[in-house]
Structures are given as C-alpha cells and as structure tokens.
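For reference, the structure discussed in these notes is given below.
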Amino acid sequence: MRRAASFIFAAEDARRLAALRIGLCTLLAWRLATRDFAFVADQPAALFQPVSFMKLLPQMPSHDVTVALQVAGVAAALLAAAGLWTRASLPVAFACALVLNGMLNSTGKIVHNDVLLLLCIVPLLPAPRAASAAWSVRPPGARRAAGAPARDEAFGWPVRTAMIVVALAYFFVGFQKLRFSGVEWATSDNLRWVLYASSDSHAHPNSIALFVADRAWLAHLLAAGTIFIELCFPLALVLPRLRWVFVPGVVSLHAGIWLAMGLDYSAQALTVIIVFVNWPVVVEFVRRRLAAMPRPLRPERAGG
Amino acid sequence: MSDVGAPRFARPFVAVYLVAFVICALTTIEAWPLTAWRLFSHLRTENQLSWSATAIDRQGGEHPYPLGALPQGYRGFGFLMSEFTTGSPERQRELCDTWREGTGELLGFESRAVRIYELRTNLAQRDGDRAEPAERELRYTCRAGGVDAAGG
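Those protein sequence lines, which keep their order, are chains W and B. For the first sequence, this note's numbering begins at 37 and goes up steadily by one. For the second sequence, this note's numbering begins at 504 and goes up steadily by one.
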C-alpha cells in the first residue's frame, strides 16, 4: 500500500499534467463534436433503458437539449484544453460528456468506446489550478503567475491516477473474459464465431475478419495474445520499459478490432497514448533535434 | 505553484475513486461511467440467435422494418428483445405499441401490425463469404391492443 501511495504521489513535471489536460480535453472536444448523439434523442419513453444517473431523467433528452449539450461541451472542452477558466470549463465539459454518453448507454447496451477517456478526466476535476499551471493561455487581464512551475506532487497524482485507471481497465477487460468464459475464450473457436458474426452483419463481408476466422490457429493465437496484453498491462506501471510493449500492443489491438469489425475504439487508444507518453520529454527531444539542424545560409547583403 | 505538495483531499479522493472502480468491476455493477468492463466476455458458439421485424401495411403487404438500425433510439431492438421475451404482458404490449406506432415516422406508413421473427444462424455453415441463410420463425405479432405469441 505504501509503495502504491509513493507511486501515485510522486513529484511530476507540471508540463506532464498540462499535456494530460490538453490531450484529453482536445480529444473530448473532438468526440463531442463528431459523434452522433442526436441519433438517440427524442426516443419514445417505452424504449428508454436508463443506466446509473440517467435514471434521474424521465426520458431521453430532446434533440434541442442534445445539440445544446454538444455545443456547450465542445466549447468548455476547448477552453479547458487551452487552460482557460479550468475551475469551470473542466467540470462543464465533463458534465456535458457524461450526459451525452449516458444517452448512448441508455438504449439497452453498455457502450465502452469513450468511457476510458471520461474516467481519465476525473482526476483532473479536483486539480484545475495544478492542471493549468503550465502550457496554458492566460485569460484576458490575468497576471502571469510568479515563479516557473517545476516538479511537484501537486502535478503528479492526477497523472499517476489516470495511468492506474488505464491499467486497471485493461486488466479487468481480460479478467472478465477468464471469469465468465474461462480459458475457452482463447482455446475454443469463440473468436472465430465473433469475427464471422461481425462480418455477416455488415453489407459487405470483411476480408480481414474472414482471413482470421478461416484459420483456427490464427484466431487462437490472437485471442491468447489479447488476453495476455490485457491482463499484463498493469506491469507497465511498475516496469516503465514495458510501456514500449503494452502501449503499442493495446493500440494495435484497437486498430485490429476497427479493421476487422468496424468498432471504433479510437478514443480509448488515443487516451492510452495521451496518458502514458511523457510529453515534456518528447517536446524536449524535438526541440533539441530542431536546434541541432543546420540553419539555412542567409544571402549576404551588398553594402552601400 | 512549486513545492506546494498534493492537496489534502487528494489521498482520500484517489482512494475512493480507485476502490469504487475495482468494486464495480468485481461485483459487475454498471454504475456508469464506472463499469464492469465486460467486453466480449461471453463465450460465443456457432449457433447465433437474433431478431428481425417486419411491418404490415393496411393492404396486408409485409415490409422490412430494420428497427436495430433506425434513429430515435430504436437501435436497442436486439437488446430489448431479451427483456421482451421474459417481460410481463403489460411491458410486451408497451414495447409492441411503440414499435407499431413508430412505422408512421420511420417507414412512412401506418402499420396494421408488426411481426417479430427469431433468426437462428449456424455460423459454421458457410456459403462463400457468408453464413447460410438463417432459419426464420415468427414468434410475435404486435397488433392494435395486444400481442400474439407465435403468429396470429
């Protein structure tokens, strides 16, 4: 427990937390702007299957309310990404996204596409000041804060909490497969039937899904690999070098699911990248490379 | 902002958040956005059961009614059918009336009835790139004022 606490409350670069704010809020703005939430608006009351806090609503929000939530959510998320008025913009963006995604979850099925993004924003909500201490736009009329932001515990715990959330999410996805299906999830023809059913449900057969499903050995290998990556992802927390394996591993997993089944988990894949990449190190690396590049020669001006 | 440390509420906040996260996963509670993370966790077999619907117009013509692909929240048709088959007669009638009355807006005509078919597909029996056509069996007919099981 002490080791977990020392991991979570380690000092971190202010820019790492700022990168989390910029990345997650920009991604949220993009998802709120491009997803079709109006698809479920104005639903007849009998079909409303509310989950969680959505049970407080008598029925699905109307089309007008949905559009208003989208506009407010996108604007608030962009302001939060810029580091402007984060005390208000972060919670407003999160609340709008919560209701809009809650609507998609209230039609009879739990939708996981954007849930990891929302769960990784949660640790930012109680830390708006720390989250906007670096890489933020100054609000009009505001004075520049005294002293450059450095490394501190205040910048570390939201980042580390988000990393744990991602790791636990993948662990439990793998754990539930073994819990409800056993090792047969990988050793039986389970994945083949999933892929055949998915391909058959589309207007045009999916050649990638059929390529895998037609080869039992390949389906078993991919199923076993999927469970391995999901269950072992938490190792990336304690052995940072393994992030070079597990982060590309889960991104490839989501890319494969998208290509073979058409399921869009891009928000989840991007969330993993935003949370686990050390962006200040990337920025410093790019700066050094740019500084080391030979500068173009300027033509000498003729005197006189 | 330097050397200020984590705020006092940070430790209890993180503890409560992560404990809630783990409890929801272990007890399979869907306190969304906290979730049980059950993605493709059930074992699939080659035998697949699904549902389809058709709408009957005033002249008796039968038209495809792709409820699962329609807007305004009708897309949960497949999931609602598992509730429908075990639901009370009142709940079945409520759902049936909604689907039947939806044809005016969704298909452009008032329907006399909606027929719900059970589709049984054997994914192992392939015909080229596709499974062989599903066995279709009429299970329910939604008409004004009631639901008839297995035809009617």
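We put the beta carbon where it would ideally sit given N, CA and C, even for glycine. None of these values were measured; they are calculated from a predicted model.
- Between the beta-carbon of S555/B and that of Y620/B there is about 5 Å, and that keeps the pair under the 8 Å contact cut.
- In the DSSP assignment, L306/W falls within the alpha helix (DSSP H) that extends over 302-312.
- The beta carbons of S172/W and A118/W sit about 6 Å from each other, so the pair counts as a contact at 8 Å.
- By the criterion of a C-beta distance shorter than 6 Å, M297/W is surrounded in its chain by S234, once the five residues flanking it on both sides are discounted.
- Within the segment 74-85 of chain W, the residues whose Cβ lies closer than 9 Å to some Cβ of chain B are A74, F75, V76, A77, D78, Q79, P80, A81, A82, L83, F84, Q85, listed in chain order.
- For the pair W315/W and R51/W, the Cα-to-Cα distance works out to about 8 Å.
- Inclusion of A222/W and A190/W in the CB contact set at 8 Å is not warranted, their separation being larger than that value.
- CA-CA distance, F208/W to L267/W, rounds to 7 Å.
- Look at R251/W here: in three-state DSSP terms it is coil, with no helix or strand label.
- The DSSP-derived three-state label of N137/W is helix.
- By the Cβ-count criterion, P194/W is buried, with 16 or more other Cβ atoms from all chains shown falling within 10 Å of its own Cβ.
- For the 8 Å CB-CB criterion, R646/B and A616/B form a contact.
- Nearest to G109/W by alpha-carbon distance, out of S98/W, M96/W, A124/W, is A124/W.
- Boundaries of the beta strand (DSSP E) around Y620/B: 616-625.
- For G590/B, not one C-beta of chain W is nearer than 8 Å to its own C-beta.
- Between A272/W and H290/W, the CB-CB gap reaches or exceeds 8 Å.
- E565/B is bridged by DSSP to I559/B.
- Between L153/W and T307/W, the C-beta gap is smaller than 8 Å, which places the two residues in contact.
- If you draw a straight line from the Cα of P332/W to the Cα of V322/W, it is about 18 Å long.
- The shortest CA-to-CA distance from R618/B to any of P574/B, N625/B, S585/B, P569/B is the one to P569/B.
- Taking the beta carbon of T538/B as reference, the chain W residues within 7 Å of it are I146, H148, V151, listed in sequence order.
- For the segment 38-62 of chain W, the residues whose beta carbon sits under 8 Å from a beta carbon of chain B are, in order, A41, I44, F45, A50.
- For K91/W, no CB of chain B lies under 8 Å from its own CB, so it is not counted at the interface with that chain.
- Proximity of R511/B to chain W, defined by a Cβ-Cβ separation below 8 Å, is not satisfied.
- Annotated as distal: R603/B and L622/B, with beta-carbon spacing of 8 Å or more.
- The beta-carbon separation of A259/W and L231/W, rounded to 10 Å, does not stay under the 8 Å limit for a contact.
- In the structure shown, N149/W adopts coil according to DSSP, grouped into three states.
- By the beta-carbon neighbour count (other beta carbons within 10 angstroms, threshold 16), M199/W is buried.
- The beta carbons of A523/B and L537/B sit closer together than 8 Å.
- Counting the other CB atoms within 10 Å of its CB gives P164/W a total of 16 or more, which places it among the buried residues.
- A residue is called buried once 16 or more other Cβ atoms fall within 10 Å of its Cβ, and L92/W, having fewer, is exposed.
- Spanning the alpha carbons of R596/B and I559/B requires a straight line of approximately 17 Å.
- Bounds of the alpha helix (DSSP H) holding R57/W are 50-70.
- Counted as a single uninterrupted DSSP element, the beta strand (DSSP E) harbouring R642/B occupies residues 638-646.
- Within the same chain, Q95, M96, S142 come within 7 Å of F84/W by CB-CB distance, once the 5 residues on both sides are set aside.
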